[in-house]
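Going by full-length UniProt numbering, 466 is the number at position 466 of the sequence shown; the sequence numbering is gapless.
For each residue, glycine too, the CB sits at the ideal point set by N, CA and C.
Inspection log for the structure reproduced underneath, given as structure tokens.
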Amino acid sequence: MQYWTYNLLRKITKLESIRHLSKSVDMAGRIAVCQMTSVGDKVANLDVVTKLVSDAAKDNVQMIFFPEACDYICDNKKDIVNFAEPLLGGNTMGKYRQLAAEHNVWLSMGGVHEKDESDPSKMYNTHVIINNKGDIVQTYRKLHLFDVEIPEKGVRLKESDFSHAGGHIVAPVETPVGRVGMSICYDMRFPELSTALSILRAEILTFPSAFTQTTGEAHWHVLLRSRAIENQCYVIAAAQVGQHNPKRRSYGHALCVDPWGEVLADCGDSAPCYKVAEISPKKLLDVRRNMPVFQHRRSDIYSLYALSVRKGLLPQHSEDSVMPETPPLIPESGPSNVFGHVRIPESCVFYKSKLSYAFVNLRCVTSGHVLVAPIRMAERNKDLTDEEAEDFYKTIRLVQKLVEKVHNTQSCTITIQDGPDAGQTVQHLHCHIMPRKKGDFIENDLIYLELAKHDQFKSGHPSKPARSLEERQAEAKSLREEVQKMIEEGRLLSR
């Protein structure tokens, strides 16, 4: 599982979008957007889904989109939580996977109730994409929970009563009909999410929904057309419709909207039903060429700074993964080195010069990510003496050569966060040296804001688990041995 933050608005331009689209400009995709009225009977809802998949597959669609709560809608918190199932091993998801494989179609199951094994009082609202082999290829947990309470109207609908919010934007998914950006219902009211997905080169934004009757009548069409127009993406919004129970009614009008804002398909208030639409790369290309809004964005004035983006499946959603455990931090007695407000065990240092030292990292942005710091606690680059500066930068060059050899790469990201406004969280000058390989990030510059948050000492909520002392000691020992070999072979930079 990988997490990224980024500041890419100035990097992703119209030209890059066109380059991606030009490869497949003549390959239109065919989709079906579905509408249904889920109830509290999971078997009955599954029968509806089965019939819709079977019928839509006969129309030669490649991907079928289902609404939020396609598994069930109950009228009380107890049943909402108790009916939830795990994605892996759950009966409902197992049936969905069988349907995808049986009919050779991709499925977007727009918001199923995922059981939270660690908290029986709540669940997750999870969007799942299944490929035509029946494999779960991606999942997204709803970020924005719909919490509305209007006592004078007797209205109370608070998802946070029974659902956890998700923690990450999910990178767009490659599908036969295009790159799909995943979201759920209420997420459409937060344009930052859609913009982030379009920056990550989404071609289709999905908003599987169970919009209320009142909000749907007022906002459904205008919001979805806006998300399509401002992001120059197709929008596919499968929908719930009609009376689910005495407490709940949904608006319907499942839509497919093109990048110009034209509604290609509208299911109205019928159910169960589906509409077929074509996703045209040529249309995307034409709109983005003729109205190059991403090229015109003023990222020197405004931007998105702290997006947490996940590319791979969560470990609990992957049949090939095991949930990682955070190893305990074991204090070490013995010599150590000052590093701001912490100390670096000598056993984690793999190289020392007269005035600088290099050590392995507690949390790595890339495999092999190491640090170089002056031995004296100088806070900023400007605080180094001339002699320290010369030694510091010679050590950086030496360590770069070392890690590129060890990690079999010809590239490194080398960066110094010089001051708090540059992301420095340890008040001791240090240089990050990170071996790089092609494709290690969705976009190359995602690494910089991932670096800015990778420890988050001040917040107390680091984005990655700390490595154990034993793991760091082993890496440092291996690097020390490699340094010695390179010295003996005369391959280190002369000092």
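Cβ distance (whole Å) where residue i is taken to contact residue j below 8 Å
i: glycine 252; j: glutamine 417; result: Rounded, the Cβ-Cβ distance is 51 Å, inconsistent with contact.
i: leucine 314; j: isoleucine 136; result: Going by Cβ atoms, the distance from leucine 314 to isoleucine 136 rounds to 10 Å, so no, they are not a contact pair.
i: serine 250; j: arginine 227; result: Actually they are not in contact, since the Cβ atoms of serine 250 and arginine 227 sit about 19 Å apart, beyond 8 Å.
i: leucine 255; j: leucine 223; result: With a Cβ gap of about 10 Å, leucine 255 and leucine 223 do not count as contacting.
i: glutamine 400; j: cysteine 412; result: 5 Å
i: isoleucine 130; j: valine 173; result: Rounded, the Cβ-Cβ distance is 11 Å, inconsistent with contact.
i: alanine 466; j: arginine 363; result: 6 Å
i: leucine 88; j: glutamate 319; result: 6 Å
i: histidine 244; j: threonine 37; result: 6 Å
Whole-angstrom distance between residue j and residue i, CA atom to CA atom
i: threonine 175; j: glycine 181; result: 10 Å
i: alanine 100; j: valine 53; result: 8 Å
i: glycine 216; j: alanine 237; result: 12 Å
i: lysine 477; j: aspartate 75; result: 60 Å
i: leucine 384; j: threonine 395; result: 14 Å
i: asparagine 60; j: alanine 69; result: 25 Å
i: aspartate 258; j: lysine 311; result: 26 Å
i: arginine 298; j: glutamate 230; result: 15 Å
i: asparagine 408; j: serine 367; result: 12 Å
i: valine 49; j: valine 349; result: 58 Å
i: lysine 133; j: glycine 261; result: 33 Å
i: proline 246; j: asparagine 45; result: 18 Å
i: isoleucine 150; j: histidine 341; result: 49 Å
i: isoleucine 301; j: valine 406; result: 41 Å
i: glycine 439; j: alanine 218; result: 43 Å
i: valine 437; j: glutamate 192; result: It is worth fixing the name first, because residue 437 is lysine in this sequence and not valine. Between lysine 437 and glutamate 192, the C-alpha separation is close to 30 Å.
i: isoleucine 73; j: glutamate 152; result: 25 Å
i: aspartate 421; j: lysine 382; result: 15 Å
Contact test: residue i Cβ vs the ligand GDP heavy atom, cutoff 7 Å
i: aspartate 71; result: For the ligand GDP, the structure offers nothing, since it holds no ligand at all.
Same chain, Cβ closer than 6 Å to residue i, neighbours up to 5 away in sequence not counted
i: phenylalanine 162; result: Lys77, Ile80, Val81 and Lys122
i: leucine 157; result: Val148
i: proline 86; result: Lys115
i: methionine 377; result: Val338 and His428
i: valine 105; result: Ala57, Ile64 and Asn132
i: serine 198; result: Asn231 and Cys233
i: isoleucine 330; result: Note that isoleucine 330 scores 42 on pLDDT, short of 50, meaning its location in the model is unreliable; the coordinates nonetheless yield the value given after this. These residues qualify, in order along the chain: Leu469.
Own chain partners of residue i with C-beta closer than 8 Å, once the 5 adjacent residues on each side are dropped
i: glutamate 481; result: none
i: histidine 369; result: Asn361, His432, Ile433, Met434 and Pro435
i: tyrosine 351; result: Tyr357, Ala358, Thr395, Leu398, Val399, Leu402, Leu479, Arg480 and Val483
i: valine 365; result: His432, Met434, Ile447, Glu450, Leu451 and His454
i: phenylalanine 190; result: Leu143 and His144
i: residue 539; result: Residue numbering for the chain in the displayed model covers 1 to 495; residue 539 lies beyond these limits and cannot be assessed.
Nearest residue (CA-CA) to residue i, options the options
i: glutamate 475; options: Lys354, Ile487 and Glu346; result: Glu346
i: glycine 29; options: Gly178, Leu107 and Ser160; result: Gly178
i: glutamate 159; options: Glu152, Ser198 and His113; result: His113
i: methionine 27; options: Asn290, Gln295, Gln62 and Ala44; result: Gln62
i: serine 336; options: Lys153, Lys438, Leu88 and Gln473; result: Gln473
i: aspartate 119; options: Thr92, Gly110 and Ala84; result: Ala84
i: alanine 196; options: Asn381, Trp220, Val39 and Phe294; result: Phe294
i: glutamate 117; options: Gln316, Gln240 and Gln98; result: Gln316
i: tyrosine 234; options: Phe190, Leu451 and Ile31; result: Ile31
i: serine 308; options: Gly490, Gly167, Val39 and Ile73; result: Gly167
i: lysine 95; options: Lys51, Tyr124 and Gly40; result: Lys51
i: cysteine 273; options: Phe66, Asn290 and Met486; result: Phe66
i: isoleucine 414; options: Met486, Tyr393 and Val426; result: Tyr393
i: isoleucine 344; options: Ala373, Thr92 and Lys437; result: Ala373
Beta-carbon contacts of residue i that lie in its chain and below 7 Å, excluding the five residues immediately before and after
i: histidine 103; result: Val53, Ser54 and Ala57
i: valine 170; result: Gln138, Tyr140, Met182 and Arg310
i: arginine 380; result: Asp418, Gly419 and Leu429
- Message: Under 8 Å: do the stretch 197 to 210 and the stretch 276 to 286 share three or more Cβ pairs, one atom per stretch?
- Response: yes
- Query: Any contact of the stretch 139 to 149 with the stretch 176 to 187, i.e. 3+ C-beta pairs under 8 Å?
  - Reply: yes
- Query: Looking at C-beta atoms only, is the number of pairs between the stretch 285 to 293 and the stretch 261 to 271 that lie closer than 8 Å three or more?
  - Reply: no
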